[in-house]
Amino acid sequence: MSHHFKETPHNAITDSGIARVIQCKELDVGDPIKWLSLGLRDLMRAPGITVFYGIFFALIPWFITYLVAMTGWHLVILPAIVVFMLIGPFLAAGLYDVSWEFEKGHKPSLRHSLRAIKRNAVNEWGFGIMLMVLMIFWLRVASIIHALYPSYMENTLESLLPFLVLGTLVGAVFTVIVFFLSAFTQPILMERKVDLGTAVLTSINAVWLNKVPMMIWGGIIFTTVLIGFLTGFVGFILLMPLIGYASWHAYIDTIETKVERKYE
Numbered sequence: 573m574s575h576h577f578k579e580t581p582h583n584a585i586t587d588s589g590i591a592r593v594i595q596c597k598e599l600d601v602g603d604p605i606k607w608l609s610l611g612l613r614d615l616m617r618a619p620g621i622t623v624f625y626g627i628f629f630a631l632i633p634w635f636i637t638y639l640v641a642m643t644g645w646h647l648v649i650l651p652a653i654v655v656f657m658l659i660g661p662f663l664a665a666g667l668y669d670v671s672w673e674f675e676k677g678h679k680p681s682l683r684h685s686l687r688a689i690k691r692n693a694v695n696e697w698g699f700g701i702m703l704m705v706l707m708i709f710w711l712r713v714a715s716i717i718h719a720l721y722p723s724y725m726e727n728t729l730e731s732l733l734p735f736l737v738l739g740t741l742v743g744a745v746f747t748v749i750v751f752f753l754s755a756f757t758q759p760i761l762m763e764r765k766v767d768l769g770t771a772v773l774t775s776i777n778a779v780w781l782n783k784v785p786m787m788i789w790g791g792i793i794f795t796t797v798l799i800g801f802l803t804g805f806v807g808f809i810l811l812m813p814l815i816g817y818a819s820w821h822a823y824i825d826t827i828e829t830k831v832e833r834k835y836e
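In terms of our numbering, the sequence shown opens at residue 573 and continues consecutively.
And the structure:
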């Protein structure tokens, strides 16, 4: 499927002067399905490495839930989520390396993928911290909404509804912001060794210019995470690596490269 490059238009993102913005291509609405199928192919070709990373993705949320159930101490959730946000991008980098190795015609190895994790470590830590700050802010806003709920009111759906709607809307806004910031940031940082500003602005610009395909992609990721939770995190063992591999193909398809990519 041939894509043509979108001339990066002048907008607030490209004219910000904070960092340069790498051009992106114009995507088709069917592209997210193609990324999934290519991701699935990578998963089938590297089952051992897939399960290795997948177990981490399943264990971390399981451990968070276990801690909360054991202690009844919901404050555990915050530091645990913080850890997950910091570790997640590094785990993803290992998965991207597998797809990248296949693209180059190499046989991926666990050792090589673990080494890839520290390719652009400073900016990846920066990215993790940025996500963490957003997450903490989101949780603060959620607790303020919770505090607004009068304790004397009955817990009926009618009385809870305005707070549920407000909480959902705030959550949706934060989710969209995180998606814009992080859709392509991680693979850009890993492959190009650019600074965090360039990676983040490139990601925002690419999502903005491809709103419909990226909304579909975001919906697929959300559904995948939902299935993972509904299966008691067991689904994450295969689903998170699948999304990781597919994200690499999304990056290849979307962000302009100096050399034509040959992976189809």
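Backbone N, C-alpha and C define an ideal beta-carbon position, used for all residues, glycine too.
These figures come from a predicted structure and were not determined experimentally.
Have a look at residue i and residue j and give me their C-alpha separation to the nearest angstrom.
| i | j | result |
| --- | --- | --- |
| E836 | F751 | A caution first: E836 carries a pLDDT of 49, below 50, which makes its placement in the model too unreliable to give a value. |
| I776 | E696 | 17 Å |
| L729 | T770 | 46 Å |
| I632 | G739 | 25 Å |
| F808 | F629 | 6 Å |
| C596 | T774 | 8 Å |
| V766 | K676 | 21 Å |
How many whole angstroms separate the CB atoms of residue i and residue j, which I take to be in contact at a CB cut-off of 8 Å?
| i | j | result |
| --- | --- | --- |
| I621 | S715 | Not confirmed; about 39 Å, so no contact. |
| A778 | T826 | 5 Å |
| W710 | F756 | In fact, because the Cβ distance is near 21 Å, the residues do not count as touching under 8 Å. |
| G700 | P661 | 5 Å |
So the alpha helix (DSSP H) residue i belongs to, where does it begin and stop?
| i | result |
| --- | --- |
| F805 | Unbroken run through F805: none, as it is neither H nor E. |
| G739 | 729-754 |
| P759 | 757-764 |
| S775 | 768-781 |
| Y638 | 619-643 |
Can you tell which of the options has its C-alpha closest to the C-alpha of residue i?
| i | options | result |
| --- | --- | --- |
| Y668 | W607, T637, Y721, L720 | W607 |
| G626 | V742, L768, I815, K783 | I815 |
| L761 | W820, F624, W634 | W820 |
| T818 | R613, V593, L599 | As written in the sequence, residue 818 is Ala, which differs from the Thr given in the question. Residue R613 is the option with its Cα nearest to A818. |
| W780 | I717, R712, L753 | L753 |
Given that a residue counts as buried once 16 or more other Cβ atoms are within 10 Å of its Cβ, and exposed if not, what is residue i?
| i | result |
| --- | --- |
| Y638 | exposed |
| N692 | buried |
| A664 | buried |
| L733 | exposed |
| V772 | buried |
| L736 | exposed |
| G602 | exposed |
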